[in-house]
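Numbered by this note's numbering, the letters in the sequence shown go through residues 632 to 863 in order. Quick reminder that beta carbons are idealized off the backbone N, C-alpha and C, glycines included. All values derive from a computational prediction rather than experimental measurement.
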Amino acid sequence: MNYAIANFKMNKTSDEVDEYICELRQNLKNSVKTVICPSFVSLERAVKASFGSLIEIGAQNLFFEEKGAFTGEISIGMLESVGVKYAIIGHSERRHYFKESDDLLFKKVKAAANRLKVIYCFGETEEERDAGKSLEVTLNQLNLVKSFFENIILAYEPVWAIGTGKTANAEGSFALIKELESKLGALPDCLYGGSVNHKNAKSFIDAGFKGVLVGSASLDVKEFSKIIENMS
């Protein structure tokens with residue numbers, strides 16, 4: 632089954648998330664697993680709004696410790712307590728803006744992999760791509776979490792395509808995934824993320840990806856519904 636995962640980032644109030652889910656649940660397809668990742672303050676209400684539907688709820692981030700003096704963080708137990716099933720780890724914006732290191736990402740994946748369905752993001756920058764380092768960079772990012780492959784989903788997001796309107800070529804992107812597979816063996820389900828919209832989503836499915844991680848285009852419920860419809 633293919634995935635359509637909406638990452639709202641720092642957008643939408645809890646009321647807006649409720650309205651979004653109410654409309655979205657009327658347009659879902661059984662053949663696409665749909666996950667909504669709103670902000671932390673909307674998670675509990677999102678779980679309630681999606682109850683009885685095909686929608687599942689994910690967090691955009693988490694911390695590896697269960698409790699303690701970690702101001703501003705949220706634990707896996709807190710997420711589980713409100714019914715969250717998925718969590719994004721390693722998104723390029725977390726790596727870039729918040730300087731999340733490989734060591735920190737490893738600790739997060741290790742802590743979460745047996746409790747939540749982890750969506751582990753990886754991908755190269757434009758500079759790394761232009762230097763011919765796409766394989767080297769992404770191989771290092773995946774080697775970091777290889778021991779958890781049985782319990783995670785991968786999301787390839789070329790950093791230069793995130794929120795820029797630039798979209799990677801679907802076949803070329805999946806060719807990189809096949810190269811990684813030749814080095815690492817069988818990979819978990821791998822999604823594509825990076826300026827996905829209803830016009831290009833299916834091309835990534837046709838190329839071999841198991842779904843899409845959608846950012847800005849997911850904020851419009853009609854656009855996200857079209858993405859799901861076109862993937863079916």
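Close-in-space but distant-in-sequence residues of the same chain around S706 (CB under 8 angstroms, 5 per side omitted): Cβ within range, chain order: L693, F694, E696, E697 and K698.
Limits of the alpha helix (DSSP H) - the one that E788 falls within: First-last for E788: undefined, no H or E at that position.
Segment contact, 8 angstroms Cβ cut-off, at least three pairs: the segment 798-815 with the segment 833-840: Short answer: they touch.
Alpha-carbon to alpha-carbon, S765 and G689: Whole-angstrom Cα-Cα distance: 28 angstroms.
CB contact flag (I636, G825, <8 angstroms): Not closer than 8 angstroms, so no.
Where N659 sits in the DSSP three-state scheme: The displayed chain sequence assigns Leu, not Asn, to residue 659. DSSP places L659 in coil when its eight states are reduced to three.
Distance, G763 Cα to S684 Cα: Their backbone Cα atoms lie some 44 angstroms apart in a straight line.
Among Y634, K857 and V678, the one whose alpha carbon lies nearest that of S662: When the alpha-carbon of S662 is set against those of Y634, K857 and V678, the nearest one is in Y634.
Buried/exposed call for C668, threshold 16 Cβ in 10 Å: Classification for C668: buried.
Beta-bridge partners of G842, as assigned by DSSP: Note: G842 sits in a beta bridge opposite Y634.
Backbone secondary structure at L770 - three-state DSSP: Correct three-state label for L770: helix.
Beta carbon of C821 nearer than 8 angstroms to that of L785: Yes. Within cutoff.
Identity of the residue in P789, S863 and E860 nearest R726 by Cα: Closest in alpha carbon position to R726, among P789, S863 and E860, is P789.
D733 versus S834: straight-line alpha-carbon distance, rounded: Going by C-alpha positions, D733 is about 31 angstroms away from S834.
Contacting residues, own chain, Cβ-Cβ under 6 angstroms from E731 (five flanking each side not counted): Answer for E731: R725, listed in chain order.
From A700, W791 and V749, residue whose alpha carbon lies closest to that of E758: The candidate whose alpha carbon is nearest that of E758 is W791.
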